[in-house]
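In this text, residue positions in the sequence shown follow my numbering: the first is 6, and each later residue adds one.
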Amino acid sequence: MPGILSKSLTYHIQELKMLWRTIRSMDVMVHSSSFLLPKIHQPAKTPANNYTLVVLNQHLPRFMPRLWAHAKLRICADGGANRIFYEMPQMTNDQDCETTRNRYIPEIIEGDMDSIRPEVKRFYSNQGSTISDKSHNQETTDLHKCISSIRHRTPSHEKSDLCVLVTGALGGRFDHEAANINVLYVFSDMRIIFLSDDCLIQLLPKTHQHEINIESSVEGPHCGLFPIGAPSTSTTTTGLKWNLSEAKMRFGSMISTSNIVDSEKVTVQSDADLLWTISLRNLT
């Protein structure tokens, strides 16, 4: 019996050592919401913007002009073009709507084209926007089509630095929201961030440890972490008011909501893909 126990203990120690090596070798993914800051307040060491902006067919967030100005590529998903056409002149308080519309021209309009208004489609087509009609594909959502297109268009050497900001993914019909969240899981190897007036949502894949730099002037303090794709049997955090220590989380049991960021840096390590959400302050 002692020999069996000794072998069992040795086996578990080796298993723990292998797990520790795996954890130590896991890459750290760093996150920041500095794209929400005015240019004059951008951190000195912030790398050049490398994000693509996707606009879905929901009310534009109040900081939309800032996101638009700094994006490398701007894509409207079908009816998202209506939002830019009709809402941007109101957001910028320009007296001349035509001048405003000529200033905010998406490079691409993509989707099944069942929501974009004919006059909007005609206007942007005349202004040089590429109209990518995917009406033949009814198996995926417009957001899925846009993300797939972005992945295809992005050169391999730029993929690791690419970030996709999505507005309009939250709000409206719940089945649309659920489908949009599903896209985060379908493209879990891409950095995709949903933005609304109230919050930011992104997936933290289990393949990495995560370091989230908190921009306290524009986000927080309320935050949450929860698994949707699969339960977590071990999640550990630092930098929160109520940190998790190898916590088990699943729907029907505990999930971390209404938590508070308590540091300029939050770290997350989990054996499951987690959704991270943080409240956004009233940006001006």
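Glycine included, each C-beta is placed from N, C-alpha and C at the ideal position.
Reduced DSSP category for residue i - H, G, I as helix; E, B as strand; rest coil
i      : result
Asp281 : First, the residue type needs correcting, since residue 281 is Trp and not Asp in the sequence shown. Trp281 falls in the strand class under three-state DSSP.
Leu41  : helix
Gln295 : No answer is possible for residue 295: it lies beyond the span of the chain, which begins at 6 and ends at 289.
Arg286 : coil
Ile152 : helix
Met69  : helix
Ser30  : Summary for Ser30: the model assigns pLDDT 49, below 50, so the residue's position carries little reliability, and this model does not support an answer.
Asn98  : coil
Glu144 : coil
Thr51  : For Thr51, the pLDDT reaches just 47, beneath the cut-off of 50, and the residue's location in the model is therefore unreliable, leaving the point undetermined.
Arg178 : coil
Pro232 : coil
Arg127 : helix
Thr212 : coil
His75  : helix
Ile121 : coil
His157 : helix
According to DSSP, residues forming a beta bridge with residue i
i      : result
His227 : Ile265
Leu170 : Leu58, Ile198
Thr135 : Ile113
Ala82  : Glu115
His162 : According to DSSP, which records beta bridges pairwise, His162 is partnered with nothing at all.
Gln207 : Ile198, Trp281
Thr241 : Gln274
Ile217 : His36, Val271
Ala252 : Thr240
Distance CB(residue i)-CB(residue j) smaller than 8 Å
i      : j      : result
Gln214 : Thr282 : no
Cys168 : Ala82  : no
Leu208 : Pro66  : no
Glu163 : Asn55  : yes
Thr238 : Gln274 : no
Arg106 : Phe90  : yes
Leu148 : Val171 : yes
Ala183 : Pro236 : no
Thr97  : Lys77  : no
Glu220 : Lys270 : no
Ser130 : Ile121 : no
Leu245 : Ile206 : no
Ile113 : Ser140 : no
Integer Cβ distance of residue i from residue j, believed to fall under 8 Å
i      : j      : result
Val35  : Asn218 : 7 Å
Gly225 : Ser284 : 6 Å
Leu280 : Ser261 : Rounded, the Cβ-Cβ distance is 10 Å, inconsistent with contact.
Arg79  : Pro111 : 5 Å
Glu115 : Ser154 : 6 Å
Gly234 : Gln63  : With a Cβ gap of about 24 Å, Gly234 and Gln63 do not count as contacting.
Ser38  : Val223 : 6 Å
Gly229 : Asn264 : 6 Å
Val156 : Met118 : For clarity, residue 156 is Arg in the given sequence; the question names Val instead. Between Met118 and Arg156 the Cβ distance is about 21 Å, and since that is not below 8 Å, they are no contact.
Pro232 : Met254 : 5 Å
Given 8 Å, three or more beta-carbon pairs between the region 64-81 and the region 230-250: no
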